[in-house]
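Student:
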Ligand code: AMP
Ligand code: MG
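Residue numbers (the working numbering): 1023 to 1370.
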């Protein structure tokens, strides 16, 4: 691993990290009007978060022999429909979703798409030795992050919730997911947004769009190019204006997990929504992890997993090749470290 170039900046100002696409994704409204060739950029609220799809302008479209604005609009509409469909399948809030029915009534999941995603999640659990665990639902609920009224539970409550957690309680056989322990409930929040981004990206490709930026709540896929150049994704400090550094990417997914997305402060301590399943408390080693990889599903899962694992164990897994992606970590002391292959460019 190497100390990240922006470390001094971080030491001076830094506590957290967030990603924005310089092409004008949801978090970067300021940049939107600077995109002279954008013919299509749309933001909608799906999966409890802000989702944006941006298609660059005429030069790229012409280069790819697109049929014109109407075709672009239809492709974007279909991609948003796919994001909506993912929400309907994976949500823990929509009573008719297979995940909700599994949690509340123990009804086995047999939708092949959901079964496959749960299998992928379990593989990340195995590789991360349980740091990533979609059965954290009871903890997320106990800490009040579903109700929007987070609170610090009593130690006995945390111990009781931990008793319901363990990805090994999930059984995947004959195309079905069942549970060994009736109390087990799942939460795909750490992987489903990335999956939805990949799925929307596939829809764009199938509809002839080869250049696009898709974002769902911090999970990004930068497809192709923006006006014949790689997409520029800025990494900025979420509590201060300005960028830490910038990534140039093409056909890459970028996912960030951080302690700033959902949190509350009690007695001067920060409590956030990413839990160490082994303790029942929010993971404390890092402030932020960004993963840059080939697909958004795994980038999403690994950003959460590495956040829980912390700097040393996390970087070891990256260096051993288990993660198959580049990473940038920001420790709770404000040190930024990246995997050796991560290339950044000077910000604007
Ligand atoms: P992300 O923003 O992708 O890191 O996902 C965070 C969300 O994943 C939380 O809001 C929880 O719903 C869920 N989650 C929290 N801790 C874990 C964990 N250790 N493993 C898997 N999912 C988790
Ligand atoms: Mg995640």
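Just so it is clear, CB atoms sit at the ideal spot from N, CA and C, and this is done for glycine as well. These numbers were taken from a predicted model, which means no experiment stands behind them.
Distance check for residue 1245 and residue 1182, CA to CA, integer angstroms please.
Tutor: Going by the C-alpha atoms only, they are around 44 Å apart.
Student: In the DSSP assignment, what are the bridge partners of residue 1304?
Tutor: The partner list for residue 1304 (beta bridge, DSSP) reads 1297.
Student: Just to be sure I understand the criterion: a residue counts if its Cβ is closer than 5 Å to at least one heavy atom of ligand 1. Which residues meet that?
Tutor: Taken from the N-terminal end onward, the list reads 1154, 1155, 1158, 1162, 1209, 1211, 1212, 1279, 1295, 1296, 1297, 1326 and 1330.
Student: Run the proximity test for residue 1216: is its beta-carbon closer than 8 Å to any non-hydrogen atom belonging to ligand 2?
Tutor: Within the cutoff, so yes.
Student: Please confirm if the region 1310 to 1318 is in contact with the region 1123 to 1143, defined as three or more CB-CB distances below 8 Å between the two stretches.
Tutor: Touching, no.
Student: Excluding sequence positions up to five away, which residues of its chain have a Cβ less than 6 Å from the Cβ of residue 1083?
Tutor: Annotation note: pLDDT 49 at residue 1083 (below 50); position unreliable, coordinate value reported separately. Closer than 6 Å at the Cβ level, and outside the excluded window around residue 1083, lies no residue.
Student: Rank 1353, 1272 and 1343 by C-alpha distance to the C-alpha of residue 1306 and give the top, closest one.
Tutor: That would be 1353, whose Cα lies nearest to the Cα of residue 1306.
Student: Checking 9 Å against the spacing of the C-beta atoms, do residue 1377 and residue 1345 come in under that value?
Tutor: The chain is shown only over 1023 to 1370; residue 1377 falls outside these bounds and no answer can be derived.
Student: If you follow the beta strand (DSSP E) that residue 1223 is part of, which residue opens it and which one closes it?
Tutor: It is not in any beta strand (DSSP E) - residue 1223 instead sits in the alpha helix (DSSP H) that spans 1214 to 1228.
Student: Give the straight-line distance between the Cα atoms of residue 1351 and residue 1357, rounded to the nearest whole angstrom.
Tutor: Residue 1351 and residue 1357: Cα-Cα distance of roughly 8 Å.
Student: Tell me whether residue 1103 counts as near ligand 4, meaning its Cβ is closer than 8 Å to at least one heavy atom of that ligand.
Tutor: This structure does not include ligand 4; its bound ligands are ligand 1 and ligand 2.
Student: Give the straight-line distance between the Cα atoms of residue 1109 and residue 1068, rounded to the nearest whole angstrom.
Tutor: Approximately 7 Å, taken between the alpha carbons.
Student: Could you check which residue in 1364, 1365, 1362 and 1336 has the C-alpha nearest to that of residue 1149?
Tutor: It is 1336 whose Cα lies nearest to the Cα of residue 1149.
Student: Taking 8 Å as the cut-off, does the CB of residue 1132 come closer than this to any heavy atom belonging to ligand 2?
Tutor: No, Cβ of residue 1132 sits at least 8 Å from all heavy atoms of ligand 2.
Student: Is residue 1323 near ligand 2, in the sense that its beta carbon is under 8 Å from a heavy atom of that ligand?
Tutor: It does: the Cβ of residue 1323 is within 8 Å (strictly closer) of some heavy atom of ligand 2.
Student: Whose C-alpha, out of 1101, 1268 and 1211, is nearest the C-alpha of residue 1167?
Tutor: Nearest option by C-alpha distance: 1211.
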